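**Q** Per the UniProt record's numbering, the very first residue in the sequence shown carries number 1; after that it's consecutive. Ideal Cβ placement from N, Cα and C applies to all residues, glycine included. Since this is a predicted model, take the numbers as computed values, not measurements.
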Amino acid sequence: MERRVLRAHVKQEEEVSSVSNQSLGRDASDIGSSRFRRSSIGQSQAEPDKALSLLPLAPILRRRRGQVKVEYDGKEEPKHWEPPDWSKQLGHVRQMRSARDAPVDLMGAEKCYDTHAPDEVRRYQVLVSLMLSSQTRDQVTSAALQRLRAHGCTVDNIVNTDDDTLGQLIYPVGFWRTKVKYLKQTSVMLQREFRGDIPNTVEGLVRLPGVGPKMAHLAMDIAWHQVSGIGVDTHVHRISNRLGWTRGGTKNPEETRKALEDWLPRDLWSEINWLLVGFGQQVCLPVNPLCSVCLNHGDTIFGPYFCGLISHNTPKLNLQIFTFRFFTSNKYILNKIIFQMISNTFVYCPIQ
1 MERRVLRAHV KQEEEVSSVS NQSLGRDASD IGSSRFRRSS IGQSQAEPDK
51 ALSLLPLAPI LRRRRGQVKV EYDGKEEPKH WEPPDWSKQL GHVRQMRSAR
101 DAPVDLMGAE KCYDTHAPDE VRRYQVLVSL MLSSQTRDQV TSAALQRLRA
151 HGCTVDNIVN TDDDTLGQLI YPVGFWRTKV KYLKQTSVML QREFRGDIPN
201 TVEGLVRLPG VGPKMAHLAM DIAWHQVSGI GVDTHVHRIS NRLGWTRGGT
251 KNPEETRKAL EDWLPRDLWS EINWLLVGFG QQVCLPVNPL CSVCLNHGDT
301 IFGPYFCGLI SHNTPKLNLQ IFTFRFFTSN KYILNKIIFQ MISNTFVYCP
351 IQ
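1. Only counting the same chain, and skipping five residues up and downstream in sequence, which positions put a Cβ closer than 8 Å to that of A117?
2. Thinking C-beta only, is Y182 closer than 8 Å to G210?
3. In terms of alpha-carbon separation, which member of T234, M215, V236 and H237 lies closest to V227?
4. Quick one: grab the DSSP three-state call for H237.
5. Is it buried or exposed for G108, if we count other Cβ within 10 angstroms and need 16 for buried?
6. DSSP three-state call for D267: helix, strand or coil?
7. Counting Cβ pairs, one atom from each stretch, are 3 or more of them under 8 Å apart for the region 83-94 and the region 288-298?
8. Considering only C-alpha positions, which residue in the set T154, K179, V277 and V155 is nearest to residue 361?
9. Comparing alpha-carbon positions, which option in G174, N200 and R207 lies nearest V188?
10. For the alpha helix (DSSP H) containing Y182, list its first residue and its last residue.
11. Can you find the residues in the same chain that come closer than 8 Å, C-beta to C-beta, to G248, ignoring five residues on each side of it along the sequence?
12. Using a Cβ distance threshold of 8 Å, determine whether the region 239-258 contacts the region 218-226, with at least three qualifying pairs required.
13. Are the CB atoms of residue 353 and N288 nearer to each other than 8 Å?
14. What do you get for L169, buried or exposed, if any count of 16 or more other CB atoms within 10 angstroms of its CB means buried?
15. Is the CB-CB distance between W269 and H80 below 8 Å?
16. Shortest alpha-carbon distance to E110 belongs to which of R177, Q282, D138 and F175?
17. Let's see if you can read the secondary structure: which residues bound the alpha helix (DSSP H) around G167?
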């Protein structure tokens, strides 16, 4: 039995080997025939290839790869921007404002209200003085508020006063007709919603007719003794841009407020308004500023120059310094001539 099994196994191995040999033979014959066909094709294409090799080749155009920016995960946070020399500039303004004799110091919103009145009446009078001060000099605002106080500057009394009488009391403040409407509407709103007091938030204050962000922040500071932001008027807006305190310059007071609050320390927010307002009323005037007495203007030849009024913020104003040497009485005298194109003035500064 075992012999039969061995013989059957041997027959199977022989059959498998014969089949594999036959397949190998076929593959070899196929490979040979394909090689023959390839060689014949190559011989037929040899002549055209020689002709093509003689043709001139076009130059290869290579393009430069654009530079790829590699961004790293560990990015450095942008440094906090602040204007250069701002602390020196502020110190100069404080020095020039040390007398505190500007109109805002004597007749501002902090000086107009009745100190003996109840708290809610005092806060209301602060708000009224701020509403009247828009586009109006402090002298005119103070006189108008004194007349209102003599008439009775309370919420209930203003609500019961007719428009003609109210207009006569506040005239000649700027836009007095519009302010009469605002005063009446605001007083009615305070009477109905706030029980005769003023709101204690900026959001509530700006809801009142005729009250903007500047008035709201100043009212929070003066009436509620809370610093919520910087009150920016035309003086603060103008001087901040002249001193270079706004990055790239600003177009309106609200942009200036945001620019100042980005870098100015919060403990200076309350002080900066009355400092710059008084400085703008006395020295840094809108037209023909008194640069000759300004400490930030400095000596343009020998000392520092801390004001950008001429250098970069006002390109129409140009400053050119020329130095000449000439003989006088057989002695050298150094004379420095400054041509300062401000209101077509010529300044000659001899130094001996």
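**A** According to the structure data:
1. Excluding residues within five positions, the ones whose Cβ falls inside 8 Å are Q125.
2. For G210 and Y182, yes; Cβs fall inside 8 Å.
3. Closest option to V227, Cα to Cα, is M215.
4. Looking at H237 - three-state DSSP - the assignment turns out to be helix.
5. It is buried - the Cβ of G108 has at least 16 other Cβ atoms within 10 Å.
6. In the structure shown, D267 sits in a helix (DSSP, three-state: H, G or I).
7. Yes: the two stretches touch, three or more of their Cβ pairs being nearer than 8 Å.
8. The structure shown does not extend to residue 361, since the chain is modelled only from 1 through 352, so no value can be given for it.
9. Of G174, N200 and R207, the residue nearest in Cα terms is R207.
10. It spans W176 to E193 - the alpha helix (DSSP H) in which Y182 sits, taken as one unbroken run.
11. No residues qualify anywhere along the chain.
12. No, the region 239-258 is not in contact with the region 218-226.
13. The requested residue 353 is not part of the displayed model; the chain covers only 1 to 352.
14. L169 comes out buried.
15. Cβ atoms of W269 and H80: not closer than 8 Å.
16. Nearest option by C-alpha distance: D138.
17. That run of the alpha helix (DSSP H) goes D163 to I170.
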